[in-house]
Amino acid sequence: MKSNENKRFPIWEYIFILLGSVLYALSTVTFIFPLGLLLGGTSGISVILTSFLPFSPGIILMIINFSLIVLAFLVLGRGMAVKTLVGSVLTTAFVGLFERLIDPTRPLIPNPYISATAGAVIIAVASGIMFYVDSSSGGTDIIALIVKKFSGIKIGKALLITDVLIVLVGGFLSGVTVLISSTIGLLIKTLGIDLVIYLIRKRIKDNQ
């Protein structure tokens, strides 16, 4: 449920989407891509596919997200799909921008476990902000929104269901270190998203 303030001033919803997109993209390019980590989602799929395709993770991410946006319009309805489209386009664009600005061969944090944890915390905040206003960064977040719409399952749990397989496949291909660190990151991300949404709702309710 969105606050009355957001209903009266929808511009704040798009500010939330912009903020979430920047944080999601920056964390992905800084902490996830350089070490080939997997937190599920299309970013995880793109990391896996870079081993088989001659494209950067950002390009693959754009292709997958575009396909899922079409699915969002068909299933979620126009209102939610438009905001998801905005979130997906912004996230993908910022990923492409940050890939040009940040050297992917020099991880900010070389330790995969710490990098996965830091990246997951920021992505949880970013995703929680976007999910709160019925948007997302695209990708498997769209599948999670669909699962939530028809089942009532919380976003974090829905994401966990859709992302576990991606982490397992990627971990199998990349080795034990990536598997363990990515699993830690995935758990932090999925549990953190529901916490962030709860804290936002509580803060707004307390201020009413």
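Numbering of the sequence shown is given in my numbering, commencing with residue 936 and proceeding in unit increments. The C-beta atom is built at its ideal place from N, Cα and C for all residues, glycine as well.
| request: May I ask you to report which of helix, strand or coil DSSP gives residue 1089? | output: In the three-state reduction of the DSSP assignment, residue 1089 falls in the coil class.
Under 8 Å between C-beta atoms of residue 1014 and residue 1073: Contact flag unset, no.
Where do the N-terminal and C-terminal ends of the alpha helix (DSSP H) with residue 1027 fall, by residue?
Looking at the DSSP string, the run of the alpha helix (DSSP H) that includes residue 1027 is 1013-1036.
Using only CA atoms, which one of 952, 1047, 1075, 1086 lies nearest to residue 1095? The shortest Cα separation from residue 1095 among 952, 1047, 1075, 1086 belongs to 1075.
Exercise. Following the continuous alpha helix (DSSP H) through residue 1110, name the residue where it begins and the one where it ends.
Key: Looking at the DSSP string, residue 1110 is not in any alpha helix (DSSP H), and its letter there is neither H nor E.
| task | Evaluate the contact criterion for the region 1031-1049 versus the region 956-966: three or more CB pairs, one atom per stretch, below 8 Å. | result | Touching, per the Cβ criterion.
- Query: What are the boundary residues of the alpha helix (DSSP H) that residue 955 is part of?
  - Reply: DSSP places residue 955 in the uninterrupted alpha helix (DSSP H) bounded by 946-962.
(request) Quick one: residues in its chain with C-beta nearer than 7 Å to the C-beta of residue 1026, no 5 flanking neighbours on either side, listed in chain order? (result) Hits under 7 Å: 956, 959, 960, 1072, 1073.
Do you know offhand how far residue 899's Cα is from residue 1070's?
Here the chain has residues from 936 to 1143 only, and residue 899 is not among them.
I need the boundaries of the alpha helix (DSSP H) containing residue 1062, first residue and last residue. For residue 1062, the enclosing alpha helix (DSSP H) covers residues 1047-1067.
Do the CB positions of residue 999 and residue 1062 come within less than 8 Å of each other? Contact: no.
Under the rule that 16 or more other beta-carbon atoms within 10 Å means buried, what is residue 940, buried or exposed? Per-residue confidence for residue 940 stands at a pLDDT of 41, beneath the threshold of 50, marking its modelled position as unreliable; the derived number appears in the next sentence. Residue 940 is exposed by the Cβ-count criterion.
### Message
Output needed for residue 1003: all residues of its chain with C-beta closer than 7 Å, excluding positions within five of it in sequence on either side, in chain order.
### Response
Excluding five sequence positions before and after residue 1003, the CB atoms of its chain that fall closer than 7 Å to its own CB belong to 1073, 1074, 1077, given in chain order.
- Quick one: what does DSSP say residue 972 is sitting in, helix, strand or coil? Residue 972: coil per DSSP, three-state reduction.
Using 8 Å as the threshold, is the region 1046-1054 in touch with the region 1102-1118, meaning 3 or more CB pairs across them?
Between the region 1046-1054 and the region 1102-1118 there are three or more C-beta pairs closer than 8 Å, enough to call the two in contact.
Spatial distance of residue 1012 from residue 1045 (CA atoms): For residue 1012 and residue 1045, the distance between alpha carbons rounds to 42 Å.
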